[in-house]
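When we follow the UniProt record's numbering, the leftmost residue of the sequence shown carries the number 1, and every step to the right adds one.
Backbone N, C-alpha and C fix where the C-beta goes; we use that ideal spot for every residue, glycine too.
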Amino acid sequence: MHQAEKTSKEIAETTKIGLRTVQRIIKNWKDIVFEEEMWPEKILNDRHRQSLKRLVKSNRRKTTVELRALFNSESTRISTRTLRREPMGLGLNSCVALRKPLISEANWKKKASIC
């Protein structure tokens, strides 16, 4: 009815619903329609996301610039920002823990004696 250019008051009288309720429903409907129009189409589809996940998992220590170069060479072109954001949505952490140096046996014994 709202799309047929009827006022909120006319809709309330026709449907026997309170005026404020009709106004709230129209407002919520406009917000939902606006949100759907506001979000752009996704850059990566499911297939691209899976290949990106495989690429990130196989090259854990590469920088985003290096990963982007590898990904862009095989399929869709993406930015480094997208490359940082997408793995988080796939359940991957954005960083890898640093490698700890091996402790020699002598240093390990010293450490154990202190603790």
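So for residue i, helix, strand or coil by DSSP?
i   : result
Q91 : According to the sequence shown, residue 91 is Gly rather than Gln. Looking at G91 - three-state DSSP - the assignment turns out to be coil, as it is neither helix nor strand.
K53 : helix
I32 : helix
R99 : coil
K42 : coil
T76 : coil
I25 : helix
R61 : coil
Taking Cβ positions, are residue i and residue j nearer each other than 8 Å?
i   : j   : result
T64 : I43 : no
L83 : F71 : yes
Assuming residue i and residue j make a contact with CB atoms under 8 Å, what is their CB distance in whole Å?
i   : j   : result
L55 : E86 : That belief does not hold up - the Cβ atoms of L55 and E86 are roughly 11 Å apart, past 8 Å.
I26 : S8  : 6 Å
In or out: residue i buried (at least 16 other Cβ within 10 Å) or exposed?
i   : result
R24 : exposed
R47 : exposed
Would you say residue i faces chain B, with C-beta separation under 8 Å as the test?
i    : result
K111 : Note that chain B does not occur in the displayed structure, where there is just one protein chain.
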